[in-house]
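Engineer: Be aware that the sequence shown starts at 129, since it is given in this note's numbering, and climbs by one per residue.
Have a look at the structure that comes next, please.
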Amino acid sequence: YIFIFVAFAFMACEKTIFVGGTVTDYQSGDSIEGIEMGLYMAKPEFDYEDKKWSDLELIVTATSNSEGFFSMEIDEDMDLSHNVFYYPLPPTDTLLVNAKYTTWATGNFFQVRNGIDYVFKLNRPTLVQFDMINFEENEINIKSTDGFNKSFGLKGEIMCFAELLAGNEYKFDFYEVIESNRETMEYLGSTSRYIKTQLPEDSDKVDWLMPWQIIEIDFNTLEK
């Protein structure tokens, strides 16, 4: 009985607090469910310009719910005054939600404070190039129902960061630009393409992007 009493007394002395926030899509503003978030402490060699996972020590993790909310329980006496950060865990499998989002260019992963009040905006790490085949040498406009809208000359490359979410299939509509102000365009046809999820080339880089995806679009195969 004495042993049990001492154990409970010891546990009662340990006080904890909760920290966390809500994770959202930088492009759409929608909450993201299933993101595994981590609380990290920076090691002395941590470089704020070229952040590496190997220079961070993982303390605790939590997964966001259907509202994008997550919380972590930590010791009340833990020093949060410096070098403690939130980051989504590095992606290790293309099926994980963490493989579809990155902290690159969001600039809002600050030091941890007491309480649950952060809103984290995660970007999409997709890099896509459209290779246009058998099109006329005129300006082309591409649209999709998800808000993707790009205009370019055929000799230029279409490189998209953040507009397309990996793991999704998109229907693209192609138009020839008749007037330079793009108020008059002629419909050319449509096609659907799947944007594949890929892991980063450098698995130790915190602010990562996916490898290039080159998507061939042949004018002769468009659905008219």
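All residues carry an ideal CB built from backbone N, CA and C; glycine is no exception.
Predicted, not measured: the structure shown is a model, and the values here were computed from it.
Which full runs of the beta strand (DSSP E) of 3+ residues lie inside the region 221 to 295, going along the chain?
Structural biologist: 243 to 250, 255 to 261, 268 to 272, 277 to 280 and 286 to 289
Engineer: Return the residue from the list 142, 313, 324 and 303 that minimises the CA-CA distance to residue 351.
Structural biologist: 303
Engineer: Rounded to the nearest angstrom, what separates residue 290 and residue 217 at their Cα positions?
Structural biologist: 19 Å
Engineer: Is it a yes or a no for the region 335 to 348 touching the region 237 to 257, going by three-plus beta-carbon pairs under 8 Å?
Structural biologist: Below 8 Å, enough C-beta pairs join the region 335 to 348 and the region 237 to 257 to call them touching: three or more.
Engineer: Distance, Cα to Cα, residue 138 vs residue 205?
Structural biologist: Its pLDDT being 46, under 50, residue 138 is placed unreliably by the model, and nothing is read from it.
Engineer: Where does residue 194 sit, in a helix, a strand or coil, going by DSSP?
Structural biologist: The answer is coil: DSSP assigns residue 194 none of H, G, I, E or B.
Engineer: Around the Cβ of residue 282, are there at least 16 other Cβ atoms within 10 angstroms (buried) or fewer (exposed)?
Structural biologist: By the neighbour-count criterion, in which a residue is buried when 16 or more other Cβ atoms sit within 10 angstroms of its Cβ, residue 282 is exposed.
Engineer: Measure the C-alpha to C-alpha separation of residue 224 and residue 163 and round it to an integer number of angstroms.
Structural biologist: 8 Å
Engineer: Look up residue 213 in the DSSP assignment and say whether it is helix, strand or coil.
Structural biologist: strand
Engineer: Helix, strand or coil for residue 159? Go by DSSP, reduced to three states.
Structural biologist: strand
Engineer: Cβ of residue 279 within 8 Å of Cβ of residue 269?
Structural biologist: Yes, the Cβ-Cβ distance between residue 279 and residue 269 is below 8 Å.
Engineer: Given residue 201, which residues of its chain have a CB within under 8 Å of its CB, disregarding the five upstream and five downstream residues?
Structural biologist: 144, 145, 146 and 188
Engineer: Output yes or no for whether 8 Å exceeds the beta carbon distance between residue 165 and residue 151.
Structural biologist: Yes; because the gap between Cβ atoms is below 8 Å, this pair is in contact.
Engineer: Would the beta-carbon of residue 248 fall within 8 Å of that of residue 214?
Structural biologist: yes
Engineer: Grouping DSSP H, G and I as helix and E and B as strand, with all else coil, what is residue 144?
Structural biologist: The answer is strand: DSSP assigns residue 144 an E or B state.
Engineer: For residue 313 and residue 344, what's the separation of their Cα atoms in angstroms?
Structural biologist: 22 Å
Engineer: Using the C-alpha atoms, what's the distance from residue 323 back to residue 158?
Structural biologist: 20 Å
Engineer: If you measure between the beta carbons of residue 321 and residue 300, is that distance less than 8 Å?
Structural biologist: Yes, they are a contact pair.
Engineer: So, is residue 331 buried or exposed, given that buried needs 16 or more other C-beta atoms within 10 angstroms?
Structural biologist: exposed
Engineer: Given residue 186, which residues of its chain have a CB within under 7 Å of its CB, disregarding the five upstream and five downstream residues?
Structural biologist: 166 and 168
Engineer: Helix, strand or coil: which one does DSSP assign to residue 325?
Structural biologist: coil
Engineer: DSSP three-state call for residue 174: helix, strand or coil?
Structural biologist: coil
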